[in-house]
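J.: Please see the structure below; I have some questions.
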Amino acid sequence: MKLPGRALVVGLARSGQGAALALARRDVEVIGVDEAEVDAGRLAAAGVEVRLGAEEESLLDDVELVVKSPGVPGDAPLVAAARARGIPVWSEVELGYRLLPGNVVGVTGTNGKTTTSELLGAMLEAPVAGNVGRALTELDGQVGEGDWVVCELSSFQLEDIHELRPRIAILLNLEPDHLDRHDSFEAYRDAKLRIFENQQAGDTAVLPRGFDDVAGHASRVEFAADDELPAEPMIPGAHNRENAAAATAAARAIGVADEQIANALRTFAGVEHRLELVAEKQRVRYVNDSKATNTAAARRAVAAYDAPLHLILGGRGKGESYTELALDLVGRARRAYLIGEAANEIAVALELAGVDHVQSGDLATAVRTAAGEAREGAVVLLAPACASYDQFSDFEERGEEFKRLVGELR
Numbered sequence: 080m081k082l083p084g085r086a087l088v089v090g091l092a093r094s095g096q097g098a099a100l101a102l103a104r105r106d107v108e109v110i111g112v113d114e115a116e117v118d119a120g121r122l123a124a125a126g127v128e129v130r131l132g133a134e135e136e137s138l139l140d141d142v143e144l145v146v147k148s149p150g151v152p153g154d155a156p157l158v159a160a161a162r163a164r165g166i167p168v169w170s171e172v173e174l175g176y177r178l179l180p181g182n183v184v185g186v187t188g189t190n191g192k193t194t195t196s197e198l199l200g201a202m203l204e205a206p207v208a209g210n211v212g213r214a215l216t217e218l219d220g221q222v223g224e225g226d227w228v229v230c231e232l233s234s235f236q237l238e239d240i241h242e243l244r245p246r247i248a249i250l251l252n253l254e255p256d257h258l259d260r261h262d263s264f265e266a267y268r269d270a271k272l273r274i275f276e277n278q279q280a281g282d283t284a285v286l287p288r289g290f291d292d293v294a295g296h297a298s299r300v301e302f303a304a305d306d307e308l309p310a311e312p313m314i315p316g317a318h319n320r321e322n323a324a325a326a327t328a329a330a331r332a333i334g335v336a337d338e339q340i341a342n343a344l345r346t347f348a349g350v351e352h353r354l355e356l357v358a359e360k361q362r363v364r365y366v367n368d369s370k371a372t373n374t375a376a377a378r379r380a381v382a383a384y385d386a387p388l389h390l391i392l393g394g395r396g397k398g399e400s401y402t403e404l405a406l407d408l409v410g411r412a413r414r415a416y417l418i419g420e421a422a423n424e425i426a427v428a429l430e431l432a433g434v435d436h437v438q439s440g441d442l443a444t445a446v447r448t449a450a451g452e453a454r455e456g457a458v459v460l461l462a463p464a465c466a467s468y469d470q471f472s473d474f475e476e477r478g479e480e481f482k483r484l485v486g487e488l489r
């Protein structure tokens, strides 16, 4: 690819830093900017000019490319100013795609992306990057010609792609999410479906059975939870069998032998913060599903267990209704423990559904109360149905705190 002489990276979390360092390695003059304080040691050592705090439009002077981190909204002033000047704006995954010589398998959907991506990585014995915590540009220099890379793609990352072309593109499901950032479900759906827009003949689109909203040149392969698999997955839940079916369909499209697929299905234990069994104390299981950051994910977590549930819900809402989640809890949840900003809104839905609940306020109180009330055979489940940003920096921190609190229970 033809590289710019000068680039601006907006947002210096992990993906922004990966992009800045990859460009700097190629002798591109890079400016990195972030509104918050970040550890800029590696960037400065690599020759990246770091600007923290106010984002002045003059930073765009002589810039030929802007790389936007997924956490930065598309209407952020600096990004909007770049578009007004006609400066190309790329997501970090667009840059990574152009820099890496390998073949990309893209995985998107509302729920199950990380589990499916990691399981597929195990099937292919390939690196996994993107929305899983490792930036795609971090693989720069580690991928050879023809190698496969599995890339989890969020709607935020797909907003600013241009040439990104997954040879295999997987859509797991589509349900309302991130409505606090996308203006509507339609806008969210359109961002997700961009994963297919650059596919060509010879590529493969892996889709839920009966999903007809995708048109293109790629071959179509469908999957469903009741597909015949070469082995039953180790990870629990009907939704995880669906994830396994999607990964299996993609692996077979690439040409992976069923024996290798079966081995991955039998041995893959799941990902951290997703139906993660933390401990069993006095025959009560404590399960961390902090990654359930929307109601659809929480409903899937609830459906994975037949045992009486003591469910911890709440955080920062995403503009969703909690009515269907509340109805799912009727007869299944002994009690719900509500935390964070969305607690009152969730309480209204639970009250209308007749689900017992209590306002706990914070996670420590919720864990302590649930542990005191749960009886033998029950599950204490953290499946918040909300983002974490009111009380935690991200869902990982929330999950780690849950695990710490469980570990301290007597």
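FYI, in my numbering the residues of the sequence shown are 80 to 489. The C-beta atom is built at its ideal place from N, Cα and C for all residues, glycine as well. Computed from a prediction, not measured in an experiment: that's the story for all the values here.
Is any non-hydrogen atom of the ligand MG found closer than 7 Å to the C-beta of G209, if you look at the structure I gave you?
T.: This structure lacks the ligand MG, and indeed carries no ligand of any kind.
J.: Can you name, in chain order, every residue of its own chain whose Cβ lies under 6 Å from the Cβ of I391, other than the five neighbours on each side?
T.: Translated into positions along the sequence shown, residue 391 becomes position 312. Within the same chain, I391 has close Cβ partners Y416, A445 and L461.
J.: Output the residue ranges of the alpha helix (DSSP H) runs that lie fully inside the stretch 221-246 and measure 4 residues or longer, sorted by chain position.
T.: 234-237
J.: Does Y176 come out as helix, strand or coil in the three-state DSSP assignment?
T.: Against the sequence shown, residue 176 aligns to sequence position 97. It is helical.
J.: To the nearest whole angstrom, what separates the beta carbons of L308 and A324, a pair I think is in contact under 8 Å?
T.: What you label residue 308 is simply residue 229 of the sequence shown in a count that begins at 1. What you label residue 324 is simply residue 245 of the sequence shown in a count that begins at 1. Indeed, because the Cβ distance is near 6 Å, the residues count as touching under 8 Å.
J.: Which of the three DSSP states is assigned to P315 in this structure?
T.: Taking the sequence shown and counting its residues from 1, the one referred to as residue 315 is at position 236. Coil at P315, not helix or strand.
J.: Across the stretch 152-167 and the stretch 175-183, are there enough close Cβ pairs to call them in contact, namely three or more that are closer than 8 Å?
T.: no
J.: Enumerate in chain order the residues of its own chain whose CB-to-CB distance from V293 is below 7 Å, with the five nearest sequence positions on each side excluded.
T.: In the sequence shown, counting from the first residue as 1, residue 293 sits at position 214. So the qualifying residues of the chain are L272, F275, A284 and L286.
J.: Just mark V366 as buried or exposed, buried being the case when its beta carbon has 16 or more other beta carbons within 10 Å.
T.: The count along the sequence shown starts at 1 and reaches residue 366 at position 287. Buried, since its Cβ has 16 or more Cβ neighbours within 10 Å.
J.: Look at V207 and E217 and say whether their C-beta atoms are less than 8 Å apart.
T.: Along the sequence shown, one-based indexing puts residue 207 at 128. Along the sequence shown, one-based indexing puts residue 217 at 138. Taking 8 Å as the cut-off, the Cβ atoms of V207 and E217 do not count as close.
J.: Using only the alpha-carbon positions, how far apart do G150 and A280 sit?
T.: Locating residue 150 in the sequence shown gives position 71, counting from the first residue. Locating residue 280 in the sequence shown gives position 201, counting from the first residue. Straight-line Cα distance between these residues: approximately 33 Å.
J.: With E452 as the anchor, note down where its alpha helix (DSSP H) starts and where it stops.
T.: In the sequence shown, residue 452 corresponds to position 373, counting from 1. Element bounds for E452: L442 to E452.
J.: Is it right to say A376 is buried, meaning 16 or more other beta carbons lie within 10 angstroms of its own, or is it exposed?
T.: Numbered from its first residue, the sequence shown carries residue 376 at position 297. Its Cβ being crowded by 16 or more others within 10 Å, A376 is buried.
J.: Quick test of your reading: V109 and K147, contact by CB under 8 Å. State the CB separation rounded to the nearest angstrom.
T.: For the purposes of this step, residue 109 is identified with residue 30 of the sequence shown, where counting begins at 1. For the purposes of this step, residue 147 is identified with residue 68 of the sequence shown, where counting begins at 1. In fact, because the Cβ distance is near 14 Å, the residues do not count as touching under 8 Å.
J.: Checking the sheet assignment: what are the DSSP bridge partners for H389?
T.: Taking the first residue of the sequence shown as 1, we reach residue 389 at position 310. In the DSSP output, where bridge partners are listed per residue, H389 has R414 and V459.
J.: At the level of alpha carbons, what is the spacing between G165 and A421?
T.: On the sequence shown, position 86 is the one that residue 165 refers to. On the sequence shown, position 342 is the one that residue 421 refers to. Approximately 40 Å, taken between the alpha carbons.
J.: When burial is assigned at 16 or more other CB atoms within 10 Å of the CB, is K397 buried or exposed?
T.: Within the sequence shown, numbered from 1, the residue matching residue 397 stands at position 318. Buried.
J.: Can you give the Cα-Cα distance for H352 and Q278, rounded to whole angstroms?
T.: On the sequence shown, position 273 is the one that residue 352 refers to. On the sequence shown, position 199 is the one that residue 278 refers to. Near 32 Å, if we compare the C-alpha coordinates of Q278 and H352.
J.: Could you check the C-alpha separation between A248 and T187 for me, to the nearest Å?
T.: For this step, residue 248 is matched to residue 169 along the sequence shown. For this step, residue 187 is matched to residue 108 along the sequence shown. Between A248 and T187, the C-alpha separation is close to 8 Å.
J.: Residues in its own chain within less than 7 Å of A304 by CB, not counting five upstream and five downstream?
T.: Position 225 of the sequence shown, counted from the first residue, corresponds to residue 304. So the qualifying residues of the chain are A317, R320, E321 and A324.
J.: What are the start and end residues of each continuous alpha helix (DSSP H) run of 4 or more residues lying completely inside the stretch 111-136, in chain order?
T.: 120-124
J.: Where does N423 land, buried or exposed, given buried means 16+ other C-beta within 10 angstroms?
T.: Counting from one through the sequence shown, the residue named residue 423 turns up at place 344. The C-beta of N423 has fewer than 16 other C-beta atoms within 10 Å across all chains shown, which makes the residue exposed.
J.: Residue ranges of each beta strand (DSSP E) run of no fewer than 3 residues wholly in the stretch 329-367, ordered along the chain?
T.: Counting only runs of 3 or more, we get 355-360 and 363-367.
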